[in-house]
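Okay, so here's the structure we're looking at.
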Amino acid sequence: MKNMQINHAQKGFTLIELMIVVAIIGILAAIAIPQYQDYTARSQVTRAVAEVSALKTAAESALLQGREIVSDVPANVGVGQEDLGFTESNLLADIGDGKAQITVTDGDTATPSITADLGGDAGANVAGVTITLSRSAGGIWTCGLSGGTDAQGWKDSYAPTACPHS
């Protein structure tokens, strides 16, 4: 009688191989997820700063025309006043009707400031940070960020280079 050998070919993966793959995926996720969260926070802050910075053009135009700069709220813009016209952003604190809360101080002087708070759909680690654009009497605008604590997850690396956090 002939000896018949039964060929038992391996099919699938062994348990140890599967455990190694799961461990590698876990290590990669532990590195990638925090980096992605930091990237998202930086992009939200940068986008909000850019949206608020766009208001500088309208403010300069109003100042050149000798008009007082007012924010979009209240909607009653009086004679000699200039509405900045900014209406909505999903990253800035909301006053209702999708309109972002923009505050203008000293809008009737040559040194106005425009402020907005991150809120709305902004991440928890950047919500509550205040963007402030201030104009000097010489016409130079400066940007600054305030608020945001280490406890809520704020990192100074979230601030754009041109708009430092204090």
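The numbering of the sequence shown is my numbering, which starts it at 109 and goes up by one. Beta carbons are placed, not taken as given, at the ideal position from N, Cα and C, and that holds for glycine.
Looking only at C-alpha atoms, which of L200, T257, A167, I132 sits nearest to T213? Answer by Cα proximity: A167.
So which of L226, A267, A137, W249 has the shortest CA-CA distance to T238? L226
Decide if S197 is buried, meaning its Cβ has at least 16 other Cβ atoms within 10 Å, or exposed. buried
Check whether the region 156 to 174 touches the region 228 to 248, taking contact to mean three or more Cβ pairs, one atom from each stretch, closer than 8 angstroms. yes
Residues near S265 by beta carbon distance below 8 angstroms, same chain, minus five either side: The beta carbon of S265 sits closer than 8 angstroms to those of D146, R150, all from its chain and outside the five residues before and after it, given in chain order.
Over what stretch of residues does the alpha helix (DSSP H) that includes T165 continue unbroken? 163 to 172
Would G256 be called buried (16 or more neighbouring beta carbons within 10 Å of its own) or exposed? buried
Excluding the 5 residues preceding and the 5 following I222 in the sequence, name in chain order all residues of the same chain whose CB lies nearer than 7 angstroms to its CB. V160, L163, A167, I210, V212, L241
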